[in-house]
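Let me begin by presenting the structure, written as structure tokens, before commenting on it.
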Amino acid sequence: MRIDQPPATLDLRRLDVGPPLRDGADGQDKGSDIARHNESRALVAYRDGTGRDIDAPPRTEGVHDALIARKVEQLAPPAGGPRVPDVRYMTPREMQDYSQNLYAAGVISFEDYEALAFQPDLHPDFARTIGALTGEKPQPDRPRDYIRQWSDRVEYTQRYYPQNSNEVRQAHRIHEALNAFPRRTDIFV
């Protein structure tokens with residue numbers, strides 16, 4: 645098969661679309677006789693096994709609500725209990741590993757992973773560069789509150805960057821992801 649050839653057309657007759665929709669006025673099936681069996685039927689996303697329409701799950705508004713809804717549906721309770729590392733008390737080494745898990749699970753994009761995984765304290769020249777300017781020594785094993793750190797980053801970018809810039813949106817996405825998945829056991833890779 646050549647790459648420039650278009651894909652084969654989708655045969656809608658092979659799809660399982662369920663029984664025809666019911667007419668709201670009399671409750672009778674439209675197209676129930678054999679003569680109209682080839683009439684098109686609408687796809688209905690939410691039906692039970694009997695063909696009756698069921699209520700759709702509530703729609704979530706916003707990225708944070710969508711992440712929370714996804715987390716609640718898919719995740720088991722934390723296996724390690726309170727001893728599981730939390731982003732409110734995590735070292736830069738642990739955050740580097742955790743950000744890779746968030747990226748592998750599809751929670752954050754690669755650009756967000758790069759920003760979250762970069763931990764200055766782990767850089768071998770920290771003492772000669774940033775440490776020389778701030779007077780600090782690298783502390784890669786000192787726990788930090790990354791939710792507060794990224795909250796401060798969101799406030800900083802909103803104050804000093806244009807309103808809808810990439811930096812503002814990236815800081816907001818990372819902050820939302822950390823709020824939605826604050827423990828290591830909240831995602832499965």
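As numbered in our numbering, residues 645 to 833 make up the sequence shown, in order. Positions of the beta carbon are idealized from the N, C-alpha and C atoms, including for glycine.
**Report entry** When S795, T801 and K781 are compared against A821, the one with the closest alpha-carbon
**Finding:** The sequence position of residue 821 within the sequence shown is 177, counting from 1. Residue S795 is the option with its Cα nearest to A821.
Query raised in the report: Taking just the CA atoms, how far does T801 sit from G750?
Result: For the purposes of this step, residue 750 is identified with residue 106 of the sequence shown, where counting begins at 1. For the purposes of this step, residue 801 is identified with residue 157 of the sequence shown, where counting begins at 1. If I take the Cα positions, the gap works out to 24 Å.
Query - CA-to-CA distance, V731 to H767, given in whole angstroms - result: Along the sequence shown, one-based indexing puts residue 767 at 123. Along the sequence shown, one-based indexing puts residue 731 at 87. Going by the C-alpha atoms only, they are around 21 Å apart.
Query raised in the report: If you draw a straight line from the C-alpha of G779 to the C-alpha of Q814, how long is it?
Result: Reading the sequence shown from its first residue, position 135 is the one you call residue 779. Reading the sequence shown from its first residue, position 170 is the one you call residue 814. Near 29 Å, if we compare the C-alpha coordinates of Q814 and G779.
**Report entry** Reduced DSSP secondary structure (H/G/I, E/B, other) of R772
**Finding:** Counting from 1 along the sequence shown, the entry for residue 772 is found at position 128. Of the three classes helix, strand and coil, the one that applies to R772 here is coil, per DSSP.
Requested in this report: Could you tell me whether the Cβ atoms of Q740 and A761 are closer together than 9 Å?
Outcome: Residue 740 sits at position 96 when you count from the first residue of the sequence shown. Residue 761 sits at position 117 when you count from the first residue of the sequence shown. Taking 9 Å as the Cβ cut-off, Q740 and A761 qualify as a contacting pair.
Query raised in the report: Just curious, the alpha helix (DSSP H) that S628 is in, first and last residue?
Result: In this structure the chain extends from 645 to 833, so residue 628 is not present and cannot be described.
Query raised in the report: Residues in its own chain within less than 7 Å of V798 by CB, not counting five upstream and five downstream?
Result: In the sequence shown, the residue the question calls residue 798 occupies position 154. Excluding positions up to five away in sequence, the list reads A815, H816 and H819.
Report task. With DSSP collapsed to three states, give me the class of V730. Result -> Indexing the sequence shown from 1 puts residue 730 at position 86. In the sequence on display, residue 730 carries Asp and not Val. D730: strand per DSSP, three-state reduction.
Report task. Could you name the residues of the same chain whose beta carbon sits closer than 6 Å to that of Y747, not counting the 5 residues immediately before and after it, in chain order? Result -> For the purposes of this step, residue 747 is taken as residue 103 along the sequence shown, with counting starting at 1. Cβ neighbours of Y747 beyond the five flanking positions: Y757.
Report task. Go through its chain and collect everything with a Cβ distance to Y733's Cβ below 6 Å, but skip five positions before and after it. Result -> The sequence position of residue 733 within the sequence shown is 89, counting from 1. Contacts found: P787.
Report task. Report the partner residues of R817 according to the DSSP bridge assignment. Result -> Position 173 of the sequence shown, counted from the first residue, corresponds to residue 817. Beta-bridge pairing links R817 to no other residue.
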